[in-house]
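Worksheet: the structure to be examined is printed underneath.
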Amino acid sequence: MKHRIFAIFGFVAMLCGGLASCDTDTEALDIQKPLTYDEQYYANLRAFKQSEHEISYVYYADWAPIEGATGYKDPASWGERLIGLPDSLDIVNLWMGIPTAETHPVAYQDMLECQQKKGTRFVMHADASNYRHVFYDRDDQFRLTGKYYNLDEDSSEEALRSYARWACDTVVKCGLDGVDFDFEGWSSDDMMVVARECHRFFGPDGAWPEKLFIVDYFSMSPSTDIDPYCDYLIKQAYSMQGAGVGAVGHADEKTVYCESFGHYPEGGQIKNYAAWEPATGHKGGCGAFYVERNYYHTSTGVPYDAIRAAIQIMNPALHK
25 MKHRIFAIFG FVAMLCGGLA SCDTDTEALD IQKPLTYDEQ YYANLRAFKQ SEHEISYVYY
85 ADWAPIEGAT GYKDPASWGE RLIGLPDSLD IVNLWMGIPT AETHPVAYQD MLECQQKKGT
145 RFVMHADASN YRHVFYDRDD QFRLTGKYYN LDEDSSEEAL RSYARWACDT VVKCGLDGVD
205 FDFEGWSSDD MMVVARECHR FFGPDGAWPE KLFIVDYFSM SPSTDIDPYC DYLIKQAYSM
265 QGAGVGAVGH ADEKTVYCES FGHYPEGGQI KNYAAWEPAT GHKGGCGAFY VERNYYHTST
325 GVPYDAIRAA IQIMNPALHK
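Letter 136 of the sequence shown, counting from 1, is numbered 160 in the working numbering, and no numbers are missing.
Written out as structure tokens, the structure reads:
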């Protein structure tokens, strides 16, 4: 063992000598520089996202301060930046709030860059899992009427339609690309009222046909009558709760299956969800809840390796 001890001693001596003679000035180091691409790359990326394909959909919260509170956040890690998300992501659910120039200036500028350069779409996370919403009423042109509603006290059809107009108005005013209603506690009848009202503004026949109308659900599913009004239906297919893919009743080509990276930060069943197809046709896509957990917890050392692999399975890159 003596030769090993001598070797260690020699190493320590060299290390100490090096420390004694090193420059003490502080120098900033770029640990990992982001890759850069030309304009043709981004043009191709935007064209891909506008084409018919199985989409990727993620819930992402780390852009915001704790609990979505307003305030300045300028993180050093790209794991907490919208521009740090994979370029090929189609839709991001901003489920901790909405970044604006006033409330979250860094995240807001990141969102604009992703929208304009990468073609990534961002949707508001609206809540249809409770009736505890208080909001001001708007008319068909989104002008305030002076009335307000509390859905806990009034969940009439008029109040629900007003809630739909509030959501659409918020999306338009904040420069978002659509809305996702989290359906876990409402009745299907109430959800249909909101869907019909939103469809007047969003979707192929709406005033803003480029805006998305999405409904996500877990154990309780809305009626399949809602399918024609939706661009996508997001199934919370969390494998740790046995949800899984297939046999949901809704239109397969609109159904997107999301795994929970909150429980499985290295991906869980996401690759299987990406590979699965219905007996006929195709699925809408796949994605992840808490996608940010896969930034560091990877099996390859590549940030977001699981969601990147899932996107490649659904839409293999063309190499010429």
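For glycine and all other residues, C-beta sits at the position ideal for the given N, C-alpha and C.
From the options, residue whose alpha carbon lies closest to that of residue i
i: residue 325; options: 311, 305, 290, 339; result: 290
i: residue 209; options: 176, 270, 231; result: 176
i: residue 107; options: 60, 258, 96, 73; result: 60
i: residue 332; options: 80, 172, 252; result: 80
i: residue 246; options: 226, 98, 216, 220; result: 216
i: residue 249; options: 267, 83, 211; result: 211
i: residue 178; options: 237, 195, 158; result: 158
i: residue 69; options: 90, 266, 189, 140; result: 140
i: residue 168; options: 286, 186, 182; result: 186
i: residue 276; options: 266, 263, 264, 303; result: 303
i: residue 114; options: 125, 83, 133; result: 83
i: residue 262; options: 117, 286, 145; result: 286
i: residue 93; options: 131, 224, 293, 234; result: 131
i: residue 241; options: 201, 188, 75, 152; result: 152
Residue i versus residue j: straight-line alpha-carbon distance, rounded
i: residue 121; j: residue 322; result: 27 Å
i: residue 104; j: residue 85; result: 8 Å
i: residue 67; j: residue 147; result: 22 Å
i: residue 129; j: residue 135; result: 10 Å
i: residue 282; j: residue 165; result: 35 Å
i: residue 9; j: residue 63; result: Lying before the first or after the last residue shown, residue 9 is absent from the chain, which here runs from 25 to 344.
i: residue 317; j: residue 218; result: 33 Å
i: residue 150; j: residue 65; result: 33 Å
i: residue 256; j: residue 278; result: 5 Å
i: residue 144; j: residue 235; result: 13 Å
Which residues DSSP lists as bridging residue i, in chain order
i: residue 80; result: 310
i: residue 151; result: 206
i: residue 236; result: 202
i: residue 280; result: 258, 309
i: residue 146; result: 116
i: residue 158; result: 174
Buried or exposed by the 16-neighbour rule on C-beta atoms within 10 Å, applied to residue i
i: residue 156; result: exposed
i: residue 123; result: buried
i: residue 90; result: exposed
i: residue 206; result: buried
i: residue 88; result: buried
CB contact check: residue i to chain B, cutoff 8 Å
i: residue 327; result: Of the chains in the structure shown, none is chain B; there is only one protein chain.
- Would the segment 291 to 304 and the segment 85 to 104 be scored as touching if the rule is three or more Cβ pairs under 8 Å? no
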